Amino acid sequence: MNEATILNKFLAVVTPKMHKVRRASLASSVNSLLRGANASVTSIGRGICSGAYEKHRIKRADRLLSNKHVQSDALTIYGALYNQFVGNSLRPIILIDWSDLDTHKGCFLLRASVACNGRGVAIYQEIHDVSTKETPRTHKAFLVKLSTIINQQATPIIVTDAGYKTVWFREVKALGWDFAGRVRKPMMYVNKKQEWEHIDELYKQAKRRPNSFNGQICRSRPLACTLVLFKGKNKGRHSLTQHNIQRQSKCSKVHAKGATDPWLIATSLPRTKHTAKKLVTIYKMRMQIEEEFRDIKSSLFGLGFEHHKSRCIKRIAVLILIATLASILANIIGLAMTLAGVHKRYQANTLKTRRVLSFHYLGLRGYVDKYFTLLTGQYEIAVTHIRHMINENSYD
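So in full-length UniProt numbering, spot 55 of the sequence shown is number 55, and the numbers just go up one at a time.
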């Protein structure tokens, strides 16, 4: 593929103020990832296309991670990503979640992505260690920095899972934004008799048809909000051992029980006759950010960030930025290939009724295919298509 043309066009937009030498170094690392390297310093360095010895290529990648200018440019790059894909959208849906970046629980990723079809687009993220993970101070600072990226005329809807409590909801409202987050045990709510009751009682009323009502949550410091109750159809999934037997561990049973709980979604959006259905649709989009994490961390399906051995938070922040840029570009290329009708060439089957491969995986395959050429016009159409999908997913 004509990867140099497409990569340089992408980076020119998202790194408008970066020095050309640093941009060239960044491009070589992103190119290495897209050509099959894992998201670790040594793997990226070995994959850099250069006439230098591997040792010097690895040092080149190492210096990029330690570059203070690249570290300070990160916020500008995320702002450029927002302007490129979200632009002037007034009601974008923004998904926020935490993710472990390694098996020994040394560093954690806090990411904000704007909802799109298939995969979200990361617009801001931070790296934290265990001492600052999931603290109110961290959450507040994250929202403040996010507000500098988002269009000041926009009123986004912040979608989170049950790990974010009423303190988070109040911080979101303080910025003039709306929130939509799941509420789980042991939270309490005010029932029709104006009495505080455990949400277990609400769970018993859940049905396939979503229902909305006005209420309050958090007995110690009540928060008025709209509540949406919904019980989805059981998907019949089971976690199996290598012997194809259902897991019986305590951890597996706890997760299985939690998956059967109905959805109780708290939101600051006003209650209308369409609120319940819209909120369920919005909350279903939250899975997009989980798939983004897989695209970056998995060595089987993505960029292999799980193999990184870095310990410095600032260096990991640059490494995750490189992986994010590579992932977004892979999605753009995969979408462009699908719109051009060439995606079926990469399937292992002849299925024509639906798309088999994700945009991300398809983009990685197309990037290394020397017989495939992506026209600049096709690339621009794909970017415009992503912008339209984000606008279509916006709340109205």
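The beta-carbon is built from N, C-alpha and C at its ideal position, and this holds for glycine as well. A quick note: this is a predicted structure, and the numbers were derived from the prediction, not measured.
Coil, strand or helix - aspartate 369 by DSSP: Mapped onto the sequence shown, residue 369 falls at position 369. Three-state result, aspartate 369: coil.
Where the alpha helix (DSSP H) through threonine 5 begins and ends: Locating residue 5 in the sequence shown gives position 5, counting from the first residue. Looking at the DSSP string, the run of the alpha helix (DSSP H) that includes threonine 5 is 3 to 14.
Whole-Å CB distance - isoleucine 296 paired with alanine 323, under 8 angstroms assumed: If you number the sequence shown from 1, residue 296 lands on position 296. If you number the sequence shown from 1, residue 323 lands on position 323. About 5 angstroms; that satisfies the 8 angstroms criterion.
Residues near residue 397 by beta carbon distance below 8 angstroms, same chain, minus five either side: Because the chain here runs from 1 to 396, residue 397 falls outside it and cannot be looked at.
6 angstroms CB neighbourhood of arginine 219 in its chain, flanking five on each side removed: On the sequence shown, position 219 is the one that residue 219 refers to. Closer than 6 angstroms at Cβ, skipping near neighbours: Met188 and Trp196.
For lysine 17, the nearest candidate out of Ile77, Asp97 and Gly363 (CA to CA): For this step, residue 17 is matched to residue 17 along the sequence shown. Nearest of Ile77, Asp97 and Gly363 to lysine 17, Cα basis: Ile77.
Cβ neighbours of proline 222 in the same chain (closer than 8 angstroms, five flanking residues each side left out): Here residue 222 refers to the residue found at position 222 of the sequence shown. Cβ neighbours of proline 222 beyond the five flanking positions: Val190 and Gln216.
Three-state secondary structure assigned by DSSP to glycine 304: By 1-based counting over the sequence shown, the position of residue 304 is 304. Coil.
The stretch 281 to 292 in contact with the stretch 16 to 33 per 3-pair CB rule at 8 angstroms: no
Short Cβ contact (8 angstroms threshold) for isoleucine 93 with tyrosine 395: Reading the sequence shown from its first residue, position 93 is the one you call residue 93. Reading the sequence shown from its first residue, position 395 is the one you call residue 395. In this structure, tyrosine 395 lies closer than 8 angstroms to isoleucine 93 by Cβ.
Rounded C-alpha distance that separates glycine 45 from serine 310: Your numbering for residue 45 matches position 45 in the sequence shown. Your numbering for residue 310 matches position 310 in the sequence shown. Going from the Cα of glycine 45 to the Cα of serine 310 covers about 14 angstroms.
Arginine 35 to phenylalanine 10 span [Cα, whole Å]: Numbered from 1 along the sequence shown, position 35 holds the residue referred to as residue 35. Numbered from 1 along the sequence shown, position 10 holds the residue referred to as residue 10. Computed Cα separation, rounded: 16 angstroms.
Same chain only: Cβ atoms within 6 angstroms of glycine 79, ignoring 5 sequence neighbours per side: Looking up residue 79 in the sequence shown gives position 79. Once the five neighbours on either side are set aside, the close Cβ partners of glycine 79 are Ile149.
CB of aspartate 261 within 8 angstroms of CB of tyrosine 203, strictly: For the purposes of this step, residue 261 is identified with residue 261 of the sequence shown, where counting begins at 1. For the purposes of this step, residue 203 is identified with residue 203 of the sequence shown, where counting begins at 1. Yes, they are a contact pair.
N-terminal and C-terminal residue of the beta strand (DSSP E) that tryptophan 177 is part of: For this step, residue 177 is matched to residue 177 along the sequence shown. Taken as a continuous stretch (DSSP letters only), tryptophan 177 belongs to no beta strand (DSSP E), as it is neither H nor E.
Sub-8 angstroms separation of tryptophan 98 and phenylalanine 85 beta-carbons: Taking the first residue of the sequence shown as 1, we reach residue 98 at position 98. Taking the first residue of the sequence shown as 1, we reach residue 85 at position 85. Taking 8 angstroms as the Cβ cut-off, tryptophan 98 and phenylalanine 85 do not qualify as a contacting pair.
Distance between lysine 165 and lysine 314 (C-alpha atoms, nearest Å): Stepping through the sequence shown from its first residue, residue 314 is reached at position 314. Stepping through the sequence shown from its first residue, residue 165 is reached at position 165. Using only the alpha carbons, I get a separation of about 28 angstroms.
Whole-angstrom C-beta distance between alanine 112 and leucine 303, which should lie under 8 angstroms: The residue given as residue 303 occupies position 303 in the sequence shown. The residue given as residue 112 occupies position 112 in the sequence shown. Not confirmed; about 19 angstroms, so no contact.
Cα-Cα separation between serine 29 and isoleucine 48, rounded to whole angstroms: Counting from one through the sequence shown, the residue named residue 29 turns up at place 29. Counting from one through the sequence shown, the residue named residue 48 turns up at place 48. One C-alpha to the other measures close to 6 angstroms.
For tyrosine 361, three-class secondary structure by DSSP: Residue mapping note: residue 361 aligns to position 361 of the sequence shown, counting from 1. Residue state, collapsed to three classes: helix.
Option nearest threonine 132 by Cα separation, candidates Arg354, Thr155 and Gly106: Walking along the sequence shown from the start, residue 132 turns up at place 132. Checked all of Arg354, Thr155 and Gly106; the closest Cα to threonine 132 is Gly106.
Coarse secondary structure for histidine 19, derived from DSSP in three states: Taking the sequence shown and counting its residues from 1, one reaches residue 19 at position 19. Correct three-state label for histidine 19: coil.
Contact set for histidine 139: own chain, Cβ-Cβ below 6 angstroms, skip 5 residues either direction: Counted from its first residue, the sequence shown places residue 139 at position 139. Answer for histidine 139: Trp168, listed in chain order.
DSSP state of tyrosine 203 mapped onto helix, strand, coil: Position 203 of the sequence shown, counting from 1, holds the residue named residue 203. Of the three classes helix, strand and coil, the one that applies to tyrosine 203 here is helix, per DSSP.
Isoleucine 96 - DSSP class collapsed to helix/strand/coil: In the sequence shown, residue 96 corresponds to position 96, counting from 1. If DSSP states are grouped into helix, strand and coil, isoleucine 96 belongs with the strands.
Neighbourhood of alanine 74 by C-beta distance below 6 angstroms, restricted to the same chain and skipping five residues each side: Residue 74 sits at position 74 when you count from the first residue of the sequence shown. Correct list, in chain order: Leu321.
Arginine 111 in three-state terms, based on DSSP: Mapped onto the sequence shown, residue 111 falls at position 111. Reduced to three states, the DSSP call for arginine 111 is strand.
Expected contact under 8 angstroms - CB spacing of leucine 364 and alanine 340 to nearest Å: What you label residue 364 is simply residue 364 of the sequence shown in a count that begins at 1. What you label residue 340 is simply residue 340 of the sequence shown in a count that begins at 1. Not a contact, Cβ separation roughly 16 angstroms.
Whole-angstrom distance between alanine 174 and glycine 118, CA atom to CA atom: For this step, residue 118 is matched to residue 118 along the sequence shown. For this step, residue 174 is matched to residue 174 along the sequence shown. Between glycine 118 and alanine 174, the C-alpha separation is close to 31 angstroms.
Arginine 208, buried or exposed, once every other Cβ within 10 Å from all chains shown has been counted against 16: In the sequence shown, counting from the first residue as 1, residue 208 sits at position 208. That one is exposed.
Isoleucine 158 and phenylalanine 179 closer than 8 angstroms at C-beta: One-based indexing of the sequence shown puts residue 158 at position 158. One-based indexing of the sequence shown puts residue 179 at position 179. Contact: yes.
Close Cβ partners of valine 41 (< 6 angstroms) along its chain, the five nearest in sequence each way excluded: Numbered from its first residue, the sequence shown carries residue 41 at position 41. The residues are Ala61 and Asp62.
For asparagine 337, three-class secondary structure by DSSP: For the purposes of this step, residue 337 is identified with residue 337 of the sequence shown, where counting begins at 1. Contrary to the premise, residue 337 reads as methionine rather than asparagine in this sequence. In the structure shown, methionine 337 sits in a helix (DSSP, three-state: H, G or I).
Rounded C-alpha distance that separates proline 156 from isoleucine 58: Counting from one through the sequence shown, the residue named residue 156 turns up at place 156. Counting from one through the sequence shown, the residue named residue 58 turns up at place 58. For proline 156 and isoleucine 58, the distance between alpha carbons rounds to 41 angstroms.
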